[in-house]
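Every number in our numbering is 72 more than the matching position in the sequence shown, counting from 1.
Here's the structure we're looking at; comments come further down.
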Amino acid sequence: MGNKRIRHMILASALICSMTVTPVFAEPSAEVQDLQNQQADLEGQKSTAQSELGSLQAQLEGLLSKMAELENDLVETGQEITQAEEDLKVAEQQREEQYDAMKLRIRYIYESGGDTAALEKVLSSGTMAGLLSQAEYSQKVHEYDREQLQAYADTVQKIKDLEASLEKEMEELQSLETDYQYQQDSLNSTISSKQSEISNLDELIQAAAQKVMEQQQKEQKEQEERERAQQAAQEAAQQKQDSEPAGSDNNSDQADQSDSDAGQESESKPESKPESKPESKPESKPESKPESKPESKPESKPQTPSYVGGSVVSRAQSALGKPYKWGAAGPDSFDCSGLVSFALTGRYSHTWSTSDIITWTRVSDPQPGDICIRPGHTGIYIGGGQMIHAPHTGDVVKVSPVQSGMFYVRR
């Protein structure tokens, strides 16, 4: 009788285990993975475009710095040209004045009688020394006038040369200014185009993320429908299990009665012995074996505590090194949402999926114990830009930098 009851219970338990509801796990489907890959590709393009934009902006800043220096050079050269023009006017005026004075002296000499007047002055002087002195004086006057005229002419020429040099420099600076302006316009146009590209990539990334979310919600809805069907099957199996003991008891009693009848027919000993055996067997076996075995088996199955104490971070740390396994929530293996569920609750169960976690309240100042999340993956934030997560098949629970595209939520 006892063996039959045990067989019934084992069959019923196996049926229930085979129909256990499968929770929504974090392993993405092929379609979700493809959408996530498309999103990651767009994010890569955006990162490249942002890097190129940074380089263009650095070029523009350098060009603007050069243009500022050029503007100063243009102002200084313009001021120098203005000063040269003023100096040239003064020099030309002085040259003209010197020239006019020289003409007056020459005219005075000739109007005084030329050589005759000079001879009269010599004769009236009465000495050769006077004559020589008078002649030397006239020569010095002529030499001084020539030197002054030459000096002024040289000054005027230098000023003219300087003015011409400054004007040429000004033309070169203005040409450089035109070139710089062209470069600035070109860079501004390229930067504007790159900013539009980044803006467009942002829209595509948001659209891709929306597609990922919609696909995950669709798959979750389908999974929930399967779960309801499996739950109904589980409940039916449970009802069948609950109804097994009564039927098995009757069958066992009949089998035991048949055994005792057969024993009575074959027994050659006194009548007292066959009477005592049927009385003891029905009383002891139905009361002890059916009641003790169903109670002892469920108690022996759990090998680990149902609850683990500590903080969110310490529970996540206790899982470090455990292998990734899709659908697992501990204690020997985890997937990403199973790890987060365990760290938050202390229980080895899939309390939440990534599609549940992603709807929680976002935070901009993450603290250790908050959750890092993006569509399809999640982990426990431990501070310093690091998280504990179960990455993927073939890997283990480990500490890694928070991934690009993740944001933070708090339960």
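Where a beta carbon is used, it is the ideal one built from N, C-alpha and C, also for glycine.
Spatial distance of residue i from residue j (CA atoms)
{"i": "S147", "j": "I263", "result": "Note on identity: in this sequence residue 147 is Val, with Ser being the wrong assignment. Their backbone Cα atoms lie some 30 Å apart in a straight line."}
{"i": "Y480", "j": "Q122", "result": "23 Å"}
{"i": "E307", "j": "I270", "result": "54 Å"}
{"i": "G455", "j": "Y396", "result": "23 Å"}
{"i": "K283", "j": "V469", "result": "28 Å"}
{"i": "G477", "j": "M139", "result": "39 Å"}
{"i": "V385", "j": "Q108", "result": "28 Å"}
{"i": "E286", "j": "D404", "result": "32 Å"}
{"i": "Q425", "j": "S261", "result": "The sequence shown places Ser at residue 425, rather than the Gln named in the question. Their Cα atoms are separated by approximately 46 Å."}
{"i": "Q129", "j": "Y252", "result": "15 Å"}
{"i": "K161", "j": "T250", "result": "32 Å"}
{"i": "T450", "j": "I429", "result": "8 Å"}
{"i": "E115", "j": "D106", "result": "14 Å"}
{"i": "Q229", "j": "Q267", "result": "56 Å"}
{"i": "Q439", "j": "T120", "result": "30 Å"}
{"i": "Q255", "j": "L245", "result": "15 Å"}
{"i": "S25", "j": "L248", "result": "Beyond the ends of the chain as shown, which are 73 and 483, falls residue 25; an answer cannot be given."}
{"i": "Q131", "j": "I460", "result": "40 Å"}
{"i": "E124", "j": "D274", "result": "16 Å"}
{"i": "V471", "j": "A462", "result": "9 Å"}
{"i": "Q220", "j": "K175", "result": "13 Å"}
{"i": "A304", "j": "Q311", "result": "11 Å"}
{"i": "S101", "j": "E294", "result": "12 Å"}
{"i": "K369", "j": "C408", "result": "Note that K369 scores a pLDDT of 46, beneath 50, so its modelled location is shaky; the value from the coordinates is reported in the next line. Approximately 32 Å, taken between the alpha carbons."}
{"i": "Q475", "j": "Q292", "result": "24 Å"}
{"i": "S265", "j": "L259", "result": "10 Å"}
{"i": "Q313", "j": "G410", "result": "30 Å"}
{"i": "R179", "j": "D233", "result": "34 Å"}
{"i": "R387", "j": "D437", "result": "22 Å"}
{"i": "A173", "j": "L142", "result": "46 Å"}
{"i": "N272", "j": "S383", "result": "43 Å"}
Beta carbon proximity, residue i to chain B, threshold 9 Å
{"i": "V474", "result": "The question asks about chain B, but that chain is absent: this structure has only one protein chain."}
With 16 other Cβ atoms within 10 Å as the buried cut-off, status of residue i
{"i": "Y216", "result": "exposed"}
{"i": "L392", "result": "exposed"}
{"i": "S427", "result": "buried"}
{"i": "S324", "result": "Low local confidence applies: a pLDDT of 47 at S324 is under 50, so the model's placement there is unreliable, with the coordinate-based value given in what follows. The residue is buried, with at least 16 neighbouring Cβ atoms inside 10 Å."}
{"i": "G150", "result": "exposed"}
{"i": "R298", "result": "exposed"}
{"i": "P473", "result": "exposed"}
{"i": "F97", "result": "Its pLDDT being 47, under 50, F97 is placed unreliably in this model, and the value from its coordinates should be taken loosely. Label assigned to F97: buried."}
{"i": "K373", "result": "Reliability fails at K373, whose pLDDT of 46 lies under 50, so the model's placement of it is uncertain and the value that follows must be treated cautiously. Exposed, since its Cβ has fewer than 16 Cβ neighbours within 10 Å."}
{"i": "A301", "result": "exposed"}
{"i": "D467", "result": "exposed"}
{"i": "L136", "result": "exposed"}
{"i": "S127", "result": "exposed"}
{"i": "Q288", "result": "buried"}
{"i": "S413", "result": "buried"}
{"i": "D257", "result": "exposed"}
{"i": "G402", "result": "buried"}
{"i": "A309", "result": "buried"}
Of the residues the options, the one placed nearest residue i, counting alpha carbons only
{"i": "E158", "options": "A236, I231 and S247", "result": "I231"}
{"i": "R434", "options": "S427, P440, T426 and C444", "result": "C444"}
{"i": "A223", "options": "D113, Q170, E133 and Q389", "result": "Q170"}
{"i": "H464", "options": "I429, I153 and K394", "result": "K394"}
{"i": "Q389", "options": "H422, P438, S421 and I452", "result": "I452"}
{"i": "Q111", "options": "D145, P447 and S413", "result": "P447"}
{"i": "I153", "options": "S127, Q220, K240 and S137", "result": "K240"}
{"i": "G418", "options": "G126, K118, G441 and W398", "result": "G441"}
{"i": "Q155", "options": "A304, E235 and R483", "result": "E235"}
{"i": "A400", "options": "Y420, M242, R387 and E143", "result": "Y420"}
{"i": "L276", "options": "R483, D437, Q117 and E141", "result": "Q117"}
{"i": "H422", "options": "L142, W398, A225 and R218", "result": "W398"}
{"i": "R482", "options": "G457, L416 and V104", "result": "L416"}
{"i": "R242", "options": "R218, N144 and E133", "result": "Checking the sequence shown, residue 242 turns out to be Met, not Arg. Here the closest residue by C-alpha is N144."}
Unbroken beta strand (DSSP E) run spanning residue i, endpoints
{"i": "G451", "result": "H449 to G455"}
{"i": "R446", "result": "I443 to R446"}
{"i": "V471", "result": "K470 to P473"}
{"i": "I430", "result": "That residue, I430, is in no beta strand (DSSP E); it is neither H nor E in DSSP."}
{"i": "Q458", "result": "Q458 to H461"}
{"i": "Y480", "result": "F479 to R482"}
Where the alpha helix (DSSP H) through residue i begins and ends
{"i": "S413", "result": "C408 to T417"}
{"i": "V384", "result": "V384 to S390"}
So does the region 278–294 actually touch the region 165–173, counting three or more Cβ pairs closer than 8 Å?
-> No, the region 278–294 does not touch the region 165–173.
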